[in-house]
Structure formats: structure tokens, C-alpha cells
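Just so you know, the sequences run in chain order Y and A.
In this text, residue positions in the first sequence follow this note's numbering: the first is 31, and each later residue adds one.
In this text, residue positions in the second sequence follow this note's numbering: the first is 6, and each later residue adds one.
For each residue, glycine too, the CB sits at the ideal point set by N, CA and C.
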Amino acid sequence: MDKRLERILPRVQKPARYVGGEYNEIKKDKKDVELRVAFCFPDTYEIGMSNLGFRILYGIMNNMPGVWCERVFAPWGDMEEELRKADIPLYALESGDPIGDFDVVAFSVGYEMAYPAILNMLDLGGIPLHASQRTELAPLVIAGGTAMYNAEPLADFIDLALIGEGEDEVPELLELYRRAKREGWTKSRFLRAAADIQGVYVPSLYDVTYNDDGTVRAITPLDGAPAKVYKRVVHDMDKSYFPAKTIVPSTEVVHDRVTLELFRGCIRGCRFCQAGYVYRPVRCRSREQAFQYGVEACKDSGYQEMTLSSLSTSDYPGLVGLCDDLEQFCRESHVNLSLPSLRADNFSMDLMQRLQRGRKAGLTFAPEAGTQRLRDAINKNLTEEDLHQSLRTAFSGGWNAVKLYFMLGLPTETDEDVLAIAEMANHALHTWRESATNKNRGVRITVSTSWFVPKPFTAFQWEGQITREEYERRVKLLRNAITAKAVTYNWHDGDTSFLEAVLARGDRRLGKVLELAFRKGAHLDAWSEYFDLSRWEEAFAECGLDPAFYANRVRSQEEILPWSVISCYVSDKYLWHQRELAYQSVPTPDCRTQCSGCGANVVEGGECSRG
Amino acid sequence: MAKLRLLFRKEGRTVYISHLDLLRTFQRVFLREGLVLRHSQGFHPHPLLSFALPLPVGQSSDCELLDFEVDGQVDCAALPENLNRFMPEGIVAVDCWEAVRPIRELDALRCRVELIYDGGVTPETVQAVQDLFARQEIVIQKRTKRKAMADVDIRPLIRSLAFAAEGDALCIDATVAAQNPGLNPALLAVAVETCLPEHAPDFVRVQRLSLMDGQEMPFR
Numbered sequence: 031m032d033k034r035l036e037r038i039l040p041r042v043q044k045p046a047r048y049v050g051g052e053y054n055e056i057k058k059d060k061k062d063v064e065l066r067v068a069f070c071f072p073d074t075y076e077i078g079m080s081n082l083g084f085r086i087l088y089g090i091m092n093n094m095p096g097v098w099c100e101r102v103f104a105p106w107g108d109m110e111e112e113l114r115k116a117d118i119p120l121y122a123l124e125s126g127d128p129i130g131d132f133d134v135v136a137f138s139v140g141y142e143m144a145y146p147a148i149l150n151m152l153d154l155g156g157i158p159l160h161a162s163q164r165t166e167l168a169p170l171v172i173a174g175g176t177a178m179y180n181a182e183p184l185a186d187f188i189d190l191a192l193i194g195e196g197e198d199e200v201p202e203l204l205e206l207y208r209r210a211k212r213e214g215w216t217k218s219r220f221l222r223a224a225a226d227i228q229g230v231y232v233p234s235l236y237d238v239t240y241n242d243d244g245t246v247r248a249i250t251p252l253d254g255a256p257a258k259v260y261k262r263v264v265h266d267m268d269k270s271y272f273p274a275k276t277i278v279p280s281t282e283v284v285h286d287r288v289t290l291e292l293f294r295g296c297i298r299g300c301r302f303c304q305a306g307y308v309y310r311p312v313r314c315r316s317r318e319q320a321f322q323y324g325v326e327a328c329k330d331s332g333y334q335e336m337t338l339s340s341l342s343t344s345d346y347p348g349l350v351g352l353c354d355d356l357e358q359f360c361r362e363s364h365v366n367l368s369l370p371s372l373r374a375d376n377f378s379m380d381l382m383q384r385l386q387r388g389r390k391a392g393l394t395f396a397p398e399a400g401t402q403r404l405r406d407a408i409n410k411n412l413t414e415e416d417l418h419q420s421l422r423t424a425f426s427g428g429w430n431a432v433k434l435y436f437m438l439g440l441p442t443e444t445d446e447d448v449l450a451i452a453e454m455a456n457h458a459l460h461t462w463r464e465s466a467t468n469k470n471r472g473v474r475i476t477v478s479t480s481w482f483v484p485k486p487f488t489a490f491q492w493e494g495q496i497t498r499e500e501y502e503r504r505v506k507l508l509r510n511a512i513t514a515k516a517v518t519y520n521w522h523d524g525d526t527s528f529l530e531a532v533l534a535r536g537d538r539r540l541g542k543v544l545e546l547a548f549r550k551g552a553h554l555d556a557w558s559e560y561f562d563l564s565r566w567e568e569a570f571a572e573c574g575l576d577p578a579f580y581a582n583r584v585r586s587q588e589e590i591l592p593w594s595v596i597s598c599y600v601s602d603k604y605l606w607h608q609r610e611l612a613y614q615s616v617p618t619p620d621c622r623t624q625c626s627g628c629g630a631n632v633v634e635g636g637e638c639s640r641g
Numbered sequence: 006m007a008k009l010r011l012l013f014r015k016e017g018r019t020v021y022i023s024h025l026d027l028l029r030t031f032q033r034v035f036l037r038e039g040l041v042l043r044h045s046q047g048f049h050p051h052p053l054l055s056f057a058l059p060l061p062v063g064q065s066s067d068c069e070l071l072d073f074e075v076d077g078q079v080d081c082a083a084l085p086e087n088l089n090r091f092m093p094e095g096i097v098a099v100d101c102w103e104a105v106r107p108i109r110e111l112d113a114l115r116c117r118v119e120l121i122y123d124g125g126v127t128p129e130t131v132q133a134v135q136d137l138f139a140r141q142e143i144v145i146q147k148r149t150k151r152k153a154m155a156d157v158d159i160r161p162l163i164r165s166l167a168f169a170a171e172g173d174a175l176c177i178d179a180t181v182a183a184q185n186p187g188l189n190p191a192l193l194a195v196a197v198e199t200c201l202p203e204h205a206p207d208f209v210r211v212q213r214l215s216l217m218d219g220q221e222m223p224f225r
């Protein structure tokens, strides 16, 4: 280990996250390696090591002969300070080598608030921030992940973005890079060739002009770059890689368990949900294979907890059968099986009760909105009766803590909708009184609200986020309406949600703001310990840009959206139609009941949602 | 099967794994090997695993002991090698036997404390440190369990010391009390920093070497 590192580690919190060496870490002999990837997660080790996508791609890249992919995470503030003071560049955990020495520096970007961490990690690695300052082929800075459906705020900094799922796309790109390196290509030749790989978006190959009002006038492809960049997806989940043998962190991480992915995509089509649209169509792993992977992963890791994961796990077609199989294995090997993201329906509750052994932790449901009208508007297919039936089952089964999640500021929301949230909580309390088996233990009902952030590639991509004053008024309205002592109300801090709304639908002019905010100290803004909106407000003012233009403005149907070069196959026409249905409070049936013609079926040759 | 005792080393990058994380790691290592640990019988059953002397984060060791109980028969001789296939880098199982002696008979810990001076070790420093530990009483401040600072005399907890200058390090071969109360060998360096600020080292490395009973024989 680097002697300088040995000096600083005793002084930082949780040093185990900065040293690597975990079980199943992949080490390669440098003389057999011709392409080195520094795979960066722009958040802490505990968050990054909990990310299944990160593990999948780590496995896929390292399965390529001659390629060595190593992990890099954002240091916590104390470690960052020590690294800077000791002049140690940010390094990869496997080899300890500085990230500036790698061929490719790849970021996995799941959420907008991670953008400052990307700049900070490049800076800590001594890598010039701007793509234009990096004239050589190496290090090539690339980014992928859900947030990259709109990569525009990062356009100045990254060389290219990978749109969609990386399983096939990443190896293709790395093979091209390997060839470019062998043959001594220039960076620009490589980028132009990379743009021909489906899913690769090279921001520098697109010229963006603006109207006087600040909206986009035109996006012009340069040098023959494709006019549309279509996402990539995995077609057959049974043939796709699953990290059954994967790194087991030696220190506790957020999701410290086996995560068994059952399917990609979601049949529900909630109109606010970006994942619900961009991960279409639904693709299921077979029940047999899911079972086999689950068992293999438990045995290899020694984990005693397994969770079934997907966007809406209770919609997995073979769920009961799979749980039957897993339950037996889990009982024999003392593994706890858990089901997250449950829908509040009878089917899920039966399953939940069956799987629950011993401790009965809290249950969480996400009705998202207080009235049926608004739930229809956002296409959240859940009735109040479903919820109360589920609560009755839960309370009579011995649960005594329930969390209910809602959003404030959804399009068409009125005060009536807000107040209905309080009624819902009261109703839940009433249900508890009626059905609880042991009232002496009391009950805890927690209502949490977040501030709705409109996202690209959703039916609400044209909407304005409600203003901060209005958001705060609605929070107060709800707070005053919640009177029962057993009901706790939590609401999201507004600063983060506002900035998220700005960055989510930003254009590339935000690059300047991002850089300035970073220079002012925005380094790990996904953490409230470090986030400070005032830095951003200053940065906006200095750049002459108005954050409300991005967050609160309603876009017209004709407006050219900054991310319009990208396509997730779901057509804008479809999204706009969904928006109109929202304003009429007309729900859309789920994909399994009836195809609504979103356009994503072309991925599967016209036939999707086999599940 | 009766209680078993595993001797293992903890070195390299793994020295930063904390006590609780190490406990979790071992639970998983046993499961990877297919060994089912015996669990406590309480309302929240937990596997019966315990370390003889928790090792402070950052210190390496050649002599860690882990007591555990399993259902069924175990081939003690083969176990260390089998477990090593499933360990994180830097944890190495060395030996395993049936735990006969109670941990309370563990009396002393032999260890190596390296006081590192980037500018090299001067004879004056060696002399000053030797003189310091020749005192009848060495009082330093130590954080108590209630988080307050208290004065403690560490001298009675030191059994023997030998000093040697090796390159840029002043190495102390120390034998200290292991428990009830024990002395964290890192406090020897704290004593130097407290009592001899002009000879404070730039860095300190601590390594546990072996465990002994009250008769100064190896403890197993």
C-alpha cells in the first residue's frame, strides 16, 4: 500500500472503504492487460457497492480478456481533505493506481445530484475537467446510467454518454477503444467511430443553438453523426450476465445483501416515473434461472439476506412459484427473504405474510397521491380500498408501523388532493383500531411527502415544477391537517428537489453553472451534510442564467427539448397523449392488460411484455 | 461439537476492517465454506462467534483468536486451508483446535510497536524513550467509556520492553497486559507523544505477535 495512504487512513472515518481487498475483488496481472478501466461511482463506497448495475458492468468488463476494470468511489469530506493535503490523486481500489493513468474513466450516473461528484473525482484524479482540454485518446471520460438520458449538463465534461443498458454496449465500445489504441487513432477519429455504435451519444458531435428566449433553436449533428441516438437494452434476460459471484464488502454498505433481479421494465406506466418509461419493454428472467442465481449468490457470498428486486416486484409472473422455491432454500440455509417495492394489493400481502419470519419491521406503501382523481391522473393504479385491505391484513398480522409515501406538486394537484393525504392517514389509523391484534403496542403511521420533480422521457417532461412558495404552502396545509398523535409527518427539504428539477431538464449551458458551483465547493451534493443551495444560486447569477427557467417553466409541445436527440423508443407523441389523459384523469391500462402503443415494442420486434 | 478456536493473521489492507465488520465477515466466510455455526437460542438468534481480544482498527496481528461453535463434526486440521479460500485479502487462518483453556487465562500480549521518524532515529531519541519507560509511573490521558478524558498510569500494565533502532523506526518489542485491564500497545506511542513531545514520532505502526498465559507460556 502507498505509504502516504497508510499515514492518512488512521485519521479518517471508516477507512475500510478506501482500501479494497474484499472477497471476490478482481485483480489482474498488468502485463496481461491492454485496456484499463477506472469504473467510477460518483458517490460513497457504501452507496456505490449497493448498486446492482455497477456490479453487473464490473463483472462484464472484467470478463473481457485483456481488460481490467477497477472500482473508484467518491471520498467522504474528511478523506478528500486528507488526499488533497497529501497530494495523493484519486486512485482505484484494486491496484491503488491514480485514475489519470487509466485508458477509460467511466462513470455510472443514476441521479442528477451526483454531477458535482463527477467533477470532483476528475479533479481529484488530476484529469482536466473539460473534454476539449483532453486531446489524447486516454483518459477517455465516459458516463452511463439512467441520468444520462439527458446528458446535456455534463456535455462539456464527458467525451461520450452510453444510453440505456450497458451489457452489450460497453463491451462494443471497449473493443473499439482497444482497436483505436492499437492502431494509434486520434481521439476525434475514435469519437466519430464510437458514435456509430447504437446507444453512444457524443455531445461534441452535436451543435446546439438557442432562441432569444433561451429555448433550444436547433440541434445539428456534425460530421455525419446520427440524428437520433437510440438506447440499448438487453433482449433476453436469461442470456444476460448476472453477478452471482460478486464482491462482498468487508464493511457494511447500504444494501448489504444478495439482490436478485427478476425483470427489467415495468408494466404499470405511472406517468411521473422516468424508469417506467425508459426501461421499457418488460423483460423477465425465467423463474428457474432466477432461483438458480439466487441460490448461487447466497452460497458464494455467505449473505443471509436476499431481496427480490425490480421496478415492481409483485408484477413478476412467476413470483409465487419462485417464492415457494426460494422459501424452502432460505429456511434450510437461514437466509431471510425480503420483498421490496410492494404494491398494496392482497396478492402481495399474502406473500409478505408468508415470507415474514420473526421480526415484523415496518411496511411501506406509496399511494403517491391522496385522491382517486389524482391517482388516476398520474396513472397510479391503486385504490384506497386496496390500501385499506392491505393495512387490515398487516395490522391484524401484527405489524404496527406503516409508512405512506406521497408527492406534492403533481400536475393538476389541488388543495383537496393535499388534504386527502391527511384523511388517508386518519383512515389508516382507524383501520388499525379496528383490526390490530395487540393495541397495547401502539401504532406508528408515518406520512412522507416529496416535492415532485418532472423528469425527461415522462408524460410530465413538459410540466413546470411548482414554485418553492407553493410547495411550502402545501406542506404547511398538510402539516396543519395532520393532527393525530400517532401520525408523524416528514417532508423533503426543498433545496435539493429544486436543484434536481433544474439539472434533470437542463441544457448544456448548465455546464458553466455546474463547474462554478463545483469551484465554490459543491463536491458531494447528494448528501445534505454537504449540499448548499446558495453556491448554486451564486453560480446561476454569475452565469446569467435563471434556475426557474429550467425548473418551473411549462414547455410547449413544439419546443425542442434539450434531450431530443436521445430516444428510448417511447415516442414524444405517446408521452404527450399520456399528458393529455392525465389532465382528464383517465388512466391507461397496464401493459399486460392492453398494449397502449408507446413505441417500445420495436425493441422486441413488435411483440413485447411477454411476461 | 465442542467449542473451537481459530488462530488467524490480519495484515495488509485488511487491518482497516473494524471489529464488528470482522465479525460479519467471519460469519460469511464460515457459510461460504458450508459450515453452519451454532446460534444463540434467544429471541434474536445470533451466531456464536467471539474474538479473544478485539483488535483496534489499523493494527496488524499474527495471533488473533476466534472462538466459535458448530453443529456436527469439523476436521480441525483441514479447516484453516478451507477457510482461506473464502477470505478477503489479508485475513489468513493458521490453525484450529478445540478450545480447552478459557479466555480468562490469557494474560499477556507480545507486540511490536514501530515509532517512525521520517528524519531517522537519533541516539538521543532512543535514550529519551528508554528513560521514559524506566520511570516508575507513566501517566497519559485516555478516553474512558463515558467519553470523558481520564489520567491513567500505564506503567503497571507493561511487563517487559526491548528497544532497537532499525532504519527510520524505533522498534519496541513489548509485552503488555492483555485484559482486565489490558493495554492497547498504541498507548506506548501516546506516552512518547505526551511525555516527550520533542521526540513525538511521525507515524506509529502496531503489530500483535503472540499471546501468553500467566506463566509466560504461549496461550492456546
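Handout entry: Cβ-based burial, Arg640(Y) [other Cβ within 10 Å; buried from 16]
Key = A caution first: Arg640(Y) carries a pLDDT of 49, below 50, which makes its placement in the model unreliable, though a value can still be read off. With fewer than 16 Cβ atoms within 10 Å of its Cβ, Arg640(Y) is classed as exposed.
Handout entry: Stretch pair the segment 200–210 of chain A + the segment 104–124 of chain A: three plus CB contacts closer than 8 Å
Key = Taking 8 Å as the limit for Cβ pairs, the verdict is that the segment 104–124 of chain A does touch the segment 200–210 of chain A.
Handout entry: Beta bridge counterpart(s) of Met154(A) as assigned by DSSP
Key = Paired residue(s): Arg148(A).
Practice task
Could you tell me the distance, in whole angstroms, from the CA atom of Ile143(A) to the CA atom of Glu76(Y)?
Solution key: Their Cα atoms are separated by approximately 41 Å.
Practice task
Let me know the alpha helix (DSSP H) ranges lying completely inside the segment 86–162 of chain A, each 4 residues or longer, listed in chain order.
Solution key: Those alpha helix (DSSP H) runs which fall completely within the segment 86–162 of chain A and span 4+ residues are 128–139.
Exercise for the section: Write down the C-beta distance between Gly536(Y) and Pro592(Y) rounded to the nearest angstrom, noting that I regard them as a contact closer than 8 Å. Expected result: For a cut-off of 8 Å, the C-beta gap from Gly536(Y) to Pro592(Y) is around 7 Å, short enough to register as a contact.
Exercise for the section: Along the alpha helix (DSSP H) that carries Trp462(Y), what are the first and last residues, could you check? Expected result: For Trp462(Y), the enclosing alpha helix (DSSP H) has its first and last residue at Asp445 to Ser465.
Exercise for the section: Can you grab the Cα-Cα spacing for the pair Arg117(A) / Leu27(A), in whole Å? Expected result: So the two alpha carbons sit approximately 22 Å from each other.
Exercise for the section: Using a threshold of 9 Å, state whether the C-beta atoms of Ile148(Y) and Pro72(Y) are closer than that. Expected result: Result yes, Cβ atoms of Ile148(Y) and Pro72(Y) sit closer than 9 Å.
Practice task
For Phe73(A), decide whether its Cβ has a neighbour in chain Y, counting only Cβ atoms nearer than 9 Å.
Solution key: Not one beta carbon of chain Y lies nearer than 9 Å to the beta carbon of Phe73(A).
Practice task
Determine whether the Cβ of His364(Y) lies closer than 9 Å to any Cβ atom of chain A.
Solution key: Under the Cβ criterion of 9 Å, His364(Y) is counted among the residues facing chain A.
Practice task
List the endpoints of the continuous alpha helix (DSSP H) containing Met91(Y).
Solution key: Boundaries of the alpha helix (DSSP H) around Met91(Y): Leu82 to Asn92.
Exercise for the section: Please name the residue, chosen from Asp178(A), Gln32(A), Thr149(A) and Glu129(A), that lies closest to Asp330(Y) on a Cα-to-Cα basis. Expected result: Relative to the Cα of Asp330(Y), the nearest Cα in the group Asp178(A), Gln32(A), Thr149(A) and Glu129(A) belongs to Gln32(A).
Exercise for the section: Give me whichever residues DSSP pairs with Thr176(Y) in a beta bridge. Expected result: Secondary-structure assignment with DSSP links Thr176(Y) through no beta bridge to anything.
Practice task
Hey, could you find the ends of the beta strand (DSSP E) Glu415(Y) is sitting in?
Solution key: Per DSSP, Glu415(Y) lies in no beta strand (DSSP E) segment; the continuous alpha helix (DSSP H) that holds it begins and ends at Glu414 to Ser426.
Exercise for the section: Taking a Cβ distance cut-off of 9 Å, strictly less, list which residues of the segment 155–178 of chain A are near chain Y, in chain order. Expected result: Only those residues of the segment 155–178 of chain A whose C-beta falls short of 9 Å from the nearest C-beta of chain Y would be listed, and there are none.
Exercise for the section: With distances taken Cα to Cα, identify the nearest neighbour of Arg137(A) among Arg148(A), Gly63(A), Ile177(A) and Val99(A). Expected result: Inspection of the sequence shows that residue 137(A) is occupied by Leu rather than by Arg. Across the set Arg148(A), Gly63(A), Ile177(A) and Val99(A), the C-alpha of Ile177(A) shows the shortest separation from the C-alpha of Leu137(A).
Exercise for the section: Hey, could you find the ends of the beta strand (DSSP E) Lys217(Y) is sitting in? Expected result: It is not in any beta strand (DSSP E) - Lys217(Y) instead sits in the alpha helix (DSSP H) that spans Lys217 to Ala224.
Practice task
Verify the CB distance criterion: does Ser280(Y) have a CB-CB separation below 9 Å to chain A?
Solution key: Against chain A, the CB of Ser280(Y) has a partner CB under 9 Å away; the residue lies at that interface.
Practice task
Identify, in the order they occur along the chain, each residue of the same chain with its Cβ nearer than 7 Å to the Cβ of Ser594(Y), setting aside the five sequence neighbours on each side.
Solution key: So the list reads Ile249, once near-sequence residues are dropped.
Practice task
Check each residue of the segment 6–29 of chain A: if its Cβ is closer than 9 Å to any Cβ of chain Y, include it; give the result in chain order.
Solution key: For the segment 6–29 of chain A, the residues whose beta carbon sits under 9 Å from a beta carbon of chain Y are, in order, Gly17, Arg18, Thr19, Val20, Tyr21, Ile22, Ser23, Leu25, Asp26, Leu27 and Arg29.
Problem - Listed by chain order, chain Y residues near Phe91(A) by CB distance under 7 Å - result: Close to Phe91(A), with beta-carbon spacing below 7 Å, are these residues of chain Y in chain order: Tyr53.
Problem - Simplified DSSP state of Cys176(A), which is helix, strand or coil - result: Looking at Cys176(A) - three-state DSSP - the assignment turns out to be strand.
Practice task
Examine chain A for any beta-carbon lying closer than 9 Å to the beta-carbon of Ala46(Y), and answer yes or no.
Solution key: For Ala46(Y), the nearest CB of chain A lies under 9 Å from its own CB, placing it at the interface with that chain.
Problem - Own chain residues within Cβ distance below 7 Å of Ala185(Y), not counting five before or after - result: Same-chain partners within the cutoff: Pro233, Arg538 and Gly541.
Exercise for the section: Quickly, what does DSSP pair Met217(A) with across the bridge? List them, please. Expected result: Beta-bridge pairing links Met217(A) to Ala113(A) and Pro223(A).
Problem - Rounded straight-line distance, which links the Cα of Tyr519(Y) to that of Arg463(Y) - result: Going from the Cα of Arg463(Y) to the Cα of Tyr519(Y) covers about 20 Å.
Exercise for the section: Specify the secondary structure class of Asp212(A) as computed by DSSP and reduced to three states. Expected result: Residue 212(A) is actually Gln in this sequence, not Asp. Here Gln212(A) sits in strand by DSSP.
Handout entry: 9 Å Cβ cutoff, Gln322(Y) in contact with chain A
Key = So, not an interface residue.
Problem - Interface flag, Glu94(A) vs chain Y, CB-CB below 9 Å - result: Contact with chain Y is found for Glu94(A), since one of that chain's Cβ atoms lies less than 9 Å from the residue's Cβ.
Handout entry: Within chain Y, partners of Arg115(A) - CB distance below 7 Å
Key = Near Arg115(A) there are no residues of chain Y at all, since even the closest Cβ is about 22 Å away, more than 7 Å.
Problem - Positions along the segment 54–78 of chain A whose CB lies within less than 8 Å of some CB in chain Y - result: Taking 8 Å as the upper bound on Cβ-Cβ separation, chain Y lies near residues Val62 and Gly63 of the segment 54–78 of chain A.
Handout entry: Beta-bridge pairing of Lys15(A) - partner residues as DSSP gives them
Key = Ser66(A) and Ile96(A), per the DSSP bridge assignment.
Practice task
Establish whether the CB of Phe35(A) and some CB of chain Y are separated by less than 9 Å.
Solution key: Yes, Phe35(A) counts as interfacial toward chain Y.
Problem - Residue of Val264(Y), Asp62(Y) and Phe220(Y) minimising C-alpha distance to Asp198(Y) - result: In terms of CA proximity to Asp198(Y), Val264(Y) leads the group Val264(Y), Asp62(Y) and Phe220(Y).
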